[in-house]
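Notes follow once the structure below has been shown.
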Amino acid sequence: MASKSFKFLFLLLLLVTSLSFGQDSIPAPIIVDSVTVDSVAVDTIVIRRTVDKIYSPRKDVNLQIPNIDFKKTKTLQKGFQRFRVPSFWETENSFGINISEVAFINWNAGGDNAVSGLGFLKFARKYKFSSFQWDNNLELRYGLNAQEGRKLRKTEDVIRLSSNLGFKKDNDSRWFYSVQLNFNTQFSNGYKYPDRDTPISRFMAPGYLLFGAGTSYISKDEKFNLYLSPLTQKSTFVLDQDLADNGSFGVQEAILDAEGNVLTPGENHLLEIGILITNNFNYTVADNIELKSRLNLYTDYIKSFGNIDVDWELTLNMKVNKFISTSLGTQMIYDDDILFDVVKNDNGTIVNPGVPKIQFKQVLGVGILYGF
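If you count by mature numbering (1 follows the signal peptide of the UniProt record, and there is no 0), then the sequence shown holds residues -22 to -1, 1 to 350, one letter each, in order.
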C-alpha cells in the first residue's frame, strides 16, 4: 500500500513538473526515415554521384607519335641580318647595260656590221617624315654606236637631276606645298654627223636649270605625281663661247662687224620667268611590264607667253627576270629657242635664223639591269 502511494506521488510530481516547464522542455522523438538510438534522432543522408561517360575517340584517328624528318626542311634563303634602327630614307640604286648587235657574212641584201651599247645609272633618295617629303633623283645615260667603216657615234647622252621638297598641312591630304629644282645637261660633244669638226652641243652648252615653287599632288601609291608652279625661273647656260656667239639655244648672239669680227661676245646665260607643269606617271600594264611617263611643259611670261616648250619621255620596261630586261623608249622635245636650218653667209652673218622643229628619239634595248 505504501509502495503504491509512493508511485502515485512520483507520477503526480512528474506531471506537475512537466506542466510548469512546458511541453518543449523534453523533446519527443520524431521518426522520419530515421533510426532512434537512445531517444536521439539520426537522419539518414543519401549521396548520389553521376559518373561521366568515357569518351571513345574515332577509330580513324591516329594517336601515334608523328614522325619528324629534318631532311624535308629548307634552309634560310637569306643570311642572318642584324637589327638596324629604322630610317626615314628610302633608297634606290640601279645599273644597266643594253646591247644590240647585227652581223652579216656573205649577205646578198647587203648591210654593215654594227654594235650599239647603252649604259645607265639611276640613284634615288626619298625622305618621308610626318608632313614632309623630299624626293631626289639622278639619272646618267650614255650610248655609243660602232658601225663597220666609220668611227664611233654617240646615240645617248643625258645628265638629269631633280629634287622636290613638299609639305602638307593635313596628313590625310595628298596635296603638298612644293619647291622643285630640275637640272639637265650632257657629258660630251654632240655633232651633226658626218661632220666631226663643228660641235653643235657640249657639256653645259646647253645646260638647263629650273627652280620654282608651287603645289604638287602625289597619289597614295606614289605612282602619279603632278607639279604645278605659277612662278619658275628657267636658266639656259651656254658656256661654250663659239656656240654662244652663234646665239645657240636662245642666248643673245655676238655682234659682228662687216668682216665678221666679234665686237660684242655672245651671252652665256639666258634667264626666263614662267609657268612650269611636270607630271610623272607609272602604270603597271601586266606582270613585269611597266609604263613610265615623264612630261615637262613650260611657257615664259615675257618673251613668248603661250608658246609652250615640251619635253615628253615615254618608256615601256619589260622585265624578263631579276637581271634581264627589255626597254622601248621614245622622247619628244619642242623648244622654240632651238633653231634648225640656220643659213649664214661667208662672213658668218646669219642670213636665215632658222625655225624650231619637233625633235624625236626612239630607243629599243635588251640588256642587264642590276639593283644595289
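Quick reminder that beta carbons are idealized off the backbone N, C-alpha and C, glycines included.
C-alpha gap between residue i and residue j, whole angstroms
i, j, result
"L206", "S194", "6 angstroms"
"D148", "E68", "22 angstroms"
"D90", "G238", "43 angstroms"
"T176", "A222", "14 angstroms"
"W85", "S305", "29 angstroms"
"T256", "G88", "45 angstroms"
"I328", "P172", "23 angstroms"
"G127", "E79", "15 angstroms"
"Q230", "F350", "45 angstroms"
"W112", "G192", "15 angstroms"
"T293", "F301", "18 angstroms"
"D319", "N167", "20 angstroms"
"K132", "N76", "14 angstroms"
"V341", "Q309", "9 angstroms"
"V240", "S271", "44 angstroms"
"L347", "S282", "42 angstroms"
"N266", "S303", "9 angstroms"
"K254", "G284", "According to the sequence provided, residue 254 is Leu. The question's Lys does not apply to it. L254 and G284: Cα-Cα distance of roughly 12 angstroms."
"I316", "S226", "7 angstroms"
"I178", "E134", "15 angstroms"
"L234", "R174", "25 angstroms"
"residue 355", "A81", "In this structure the chain extends from -22 to 350, so residue 355 is not present and cannot be described."
Per-residue DSSP class, three states only, for residue i
i, result
"F189", "strand"
"L130", "coil"
"D223", "helix"
"G89", "coil"
"G74", "strand"
"G228", "helix"
"V157", "strand"
"V321", "strand"
"N149", "coil"
"D265", "coil"
"S17", "Unreliable placement is indicated for S17, whose pLDDT of 49 sits below 50; the coordinate value is still reported in the next sentence. Here S17 sits in coil by DSSP."
"R180", "strand"
"G238", "coil"
"E200", "coil"
"R60", "coil"
"F98", "strand"
"R174", "coil"
"P243", "coil"
"D11", "Bear in mind that a pLDDT of 47 at D11, under 50, signals an unreliable position, so the number given afterwards is only what the model happens to contain. Correct three-state label for D11: coil."
"V329", "strand"
"Q111", "strand"
"N299", "coil"
"N285", "coil"
"Y279", "coil"
"D169", "Checking the sequence shown, residue 169 turns out to be Tyr, not Asp. Y169 falls in the coil class under three-state DSSP."
"Q164", "coil"
Distance CB(residue i)-CB(residue j) smaller than 8 angstroms
i, j, result
"F154", "F107", "no"
"L188", "T163", "no"
"F73", "L96", "no"
"M182", "F215", "yes"
"P334", "D314", "yes"
"Y312", "I336", "yes"
"V263", "L275", "no"
"N203", "N258", "yes"
"E117", "V136", "yes"
"Q125", "N142", "no"
"L269", "Y261", "yes"
"N123", "F101", "no"
"R152", "K198", "yes"
"S161", "L130", "The sequence given here has Phe at residue 161, not Ser. Contact: no."
Sheet register partners of residue i (DSSP bridge)
i, result
"E68", "K104"
"W290", "L273 and M310"
"A124", "V93"
"L217", "In the DSSP output, where bridge partners are listed per residue, L217 has none listed."
"Y348", "F73"
"V80", "A92"
"D135", "Y120"
"I316", "I316 is not bridged to any residue."
"K339", "Q309"
Buried versus exposed call for residue i [16 or more other C-beta atoms within 10 Å across all chains shown]
i, result
"P184", "buried"
"A232", "buried"
"Y186", "buried"
"G228", "buried"
"D278", "buried"
"E250", "buried"
"K212", "buried"
"S17", "With a pLDDT of 49 at S17, under the threshold of 50, the modelled position of that residue is not reliable, and the figure given next carries that caveat. Exposed, because fewer than 16 other Cβ atoms sit within 10 Å of the Cβ of S17."
"G180", "The residue you asked about is not Gly; residue 180 is Arg in the sequence shown. Answer is buried; the Cβ neighbour count reaches 16."
"R62", "exposed"
"R119", "buried"
Distance cut-off 7 angstroms: residue i Cβ against heavy atoms of the ligand HEM
i, result
"L294", "Although the ligand HEM was asked about, the structure shown includes no ligands whatsoever."
Below-8 angstroms beta-carbon distance, residue i vs any chain C residue
i, result
"I83", "In the structure shown, chain C cannot be found, because there is only a single protein chain."
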